[in-house]
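> Structure provided below as structure tokens; questions to follow.
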DNA sequence: TATTGTTATACTCTATAACTATA
DNA sequence: TATAGTTATAGAGTATAACAATA
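Protein chains in written order, with my numbering: chain A, 6 to 154; chain B, 6 to 154.
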């Protein structure tokens, strides 16, 4: 058990794993963002649109839980989507504190046009992994997530 | 080979892997940012400070390559670190287009104080993985990165 | 001409905390 | 009192492209 100093810290056995996690996410998200850009969507915006797709609308709270976005941030994202006419806010009647966010017709049209195309775009890369590799990666990432949750 | 539509897209076999990649990174980076906050460092700022540690200074170009940050963004990050007296810019003599960024004495002190502590903080969590799991995760993430590079 | 880094623009996202209205 | 969402504050990071200095 040697002490951790500034000089030897970088040699901790988990450092390569941490680096790979960060760099692989950066590489993925850059590719993801690039594919969404032509549709005028940022990654967090697309996350919301894709979450709302094929639903009757979801409350802010639920969207926040699904996308790991805090409520203040989500208000801004939804504001921008609403300004573009892609979603609308609907007050719930049974509990008037709640607001459901729904895709508009225009938003649904975008969802149906963009989502499958974007999935194909991502699939091009993910398909370079074999089934076994994919399952292995999925399992490893799940463990990694558990560590930090 | 069925067509990908908005309705079945979410059932593509790579979707769980993608979700795990994003969520595990989000969980990690939230923990990471929380540990850096008391030192007044953001994640990208710490990335730069840690990259500069134990070096004689590195050029913008190299830092950008190591941290995957574009030059315009890096200028801003370095500006903020310089304003706090943690780094300084040094013009290179052999090629005067290049600027090396170095830790100041204050920056080095911060590096030596924060880096080992932060590594221990991260290690607490990463050590919950066994050696085998860690190596497996590292290997999977490397493959994942290759796909998007 | 090509490269290094800066500047300008214009946003988007972020955390945080106080606030409003409902329950 | 607690919860859902908004607002206010104050950055920080981002992409992009034009730019200056140097090679």
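The beta carbon of each residue, even a glycine, is placed where N, CA and C say it ideally should be.
Can you tell me whether residue 89(A) is helix, strand or coil according to DSSP?
Residue mapping note: residue 89(A) aligns to position 84 of the first chain, counting from 1. Correct three-state label for residue 89(A): coil.
> Would you check if the distance between the CB atom of residue 186(A) and the CB atom of residue 109(A) is smaller than 7 Å?
The first residue shown for chain A is 6 and the last is 154, placing residue 186(A) beyond what the model contains.
> Name the one or two DSSP bridge partners that residue 27(B) has.
Numbered from 1 along the second chain, position 22 holds the residue referred to as residue 27(B). Answer by DSSP bridge pairing: none, since residue 27(B) is not bridged.
> Quick check: the Cα distance between residue 7(B) and residue 142(B), rounded to an integer number of angstroms?
The residue you call residue 7(B) lines up with position 2 of the second chain. The residue you call residue 142(B) lines up with position 137 of the second chain. If you take the alpha carbons of residue 7(B) and residue 142(B), they lie about 31 Å apart.
> Which first and last residues belong to the alpha helix (DSSP H) in which residue 72(B) is found?
Here residue 72(B) refers to the residue found at position 67 of the second chain. 65-72 is the span of the alpha helix (DSSP H), which, as asked, contains residue 72(B).
> Under a three-way DSSP split, which group does residue 108(A) fall into?
By one-based count along the first chain, residue 108(A) stands at place 103. Of the three classes helix, strand and coil, the one that applies to residue 108(A) here is strand, per DSSP.
> Secondary structure at residue 17(B), three-state DSSP: helix, strand or coil?
Here residue 17(B) refers to the residue found at position 12 when the second chain is read from its first residue. Reduced to three states, the DSSP call for residue 17(B) is coil.
> Once the 5 residues before and after residue 87(B) are set aside, which same chain residues still bring their CB inside 6 Å of it?
Start at 1 with the first residue of the second chain, and residue 87(B) comes out as number 82. Here the set comprises nothing.
> Check each candidate in 71(A), 42(A), 43(A) and name the one with the smallest Cα separation from residue 56(A).
Locating residue 56(A) in the first chain gives position 51, counting from the first residue. Checking every option, the nearest Cα to that of residue 56(A) belongs to 71(A).
> Hey, residue 150(B) and residue 29(A) are a contact pair by Cβ (cut 8 Å); roughly how many whole angstroms apart?
Numbered from 1 along the second chain, position 145 holds the residue referred to as residue 150(B). Numbered from 1 along the first chain, position 24 holds the residue referred to as residue 29(A). About 4 Å; that satisfies the 8 Å criterion.
> Below 8 Å, how does it come out for the region 91-101 of chain A and the region 8-21 of chain A: are there three or more Cβ pairs, yes or no?
The region 91-101 of chain A is not in contact with the region 8-21 of chain A.
> Quick one: residues in its chain with C-beta nearer than 8 Å to the C-beta of residue 85(A), no 5 flanking neighbours on either side, listed in chain order?
As a position in the first chain, residue 85(A) is number 80, starting the count at 1. Hits under 8 Å: 50.
> Taking only beta-carbon positions, decide if residue 16(A) is within less than 7 Å of chain B.
Numbered from 1 along the first chain, position 11 holds the residue referred to as residue 16(A). Chain B, which has no Cβ nearer than 7 Å to the Cβ of residue 16(A), makes this no.
> Please report whether the beta-carbon of residue 36(A) lies at a distance below 7 Å from any beta-carbon of chain B.
Locating residue 36(A) in the first chain gives position 31, where the first residue counts as 1. It does; some Cβ of chain B falls within 7 Å.
> Under the three-state reduction of DSSP, which class applies to residue 150(A): helix, strand or coil?
As a first step, residue 150(A) is located in the first chain; it is residue number 145 there, counting from the start. Helix.
> With 7 Å set as the bound, which would you pick, yes or no: does the beta-carbon of residue 152(B) sit closer than that to a beta-carbon of chain A?
Reading the second chain from its first residue, position 147 is the one you call residue 152(B). Answer yes: the Cβ-Cβ gap between residue 152(B) and chain A drops below 7 Å somewhere.
> Within this structure, are the beta carbons of residue 153(A) and residue 54(A) separated by less than 7 Å?
As a first step, residue 153(A) is located in the first chain; it is residue number 148 there, counting from the start. As a first step, residue 54(A) is located in the first chain; it is residue number 49 there, counting from the start. Not closer than 7 Å, so no.
> Can you tell which of 123(A), 24(A), 140(A), 61(A) has its C-alpha closest to the C-alpha of residue 39(A)?
The residue you call residue 39(A) lines up with position 34 of the first chain. For residue 39(A), the nearest C-alpha among the options comes from 123(A).
> Should residue 61(A) go down as buried or exposed, given a rule of 16 or more other Cβ atoms within 10 Å for buried?
The sequence position of residue 61(A) within the first chain is 56, counting from 1. By the neighbour-count rule (16 or more Cβ atoms within 10 Å), residue 61(A) is not buried but exposed.
> Could you work out which residues of chain A lie near residue 10(B), taking near to mean beta carbons separated by less than 7 Å?
Working through the second chain from its first residue, we reach residue 10(B) at position 5. Near residue 10(B) (Cβ distances below 7 Å), the residues of chain A are 121.
> So if DSSP puts residue 94(B) in a beta bridge, which residue, or which two residues, is it bridged to?
For this step, residue 94(B) is matched to residue 89 along the second chain. According to DSSP, which records beta bridges pairwise, residue 94(B) is partnered with 106(B).
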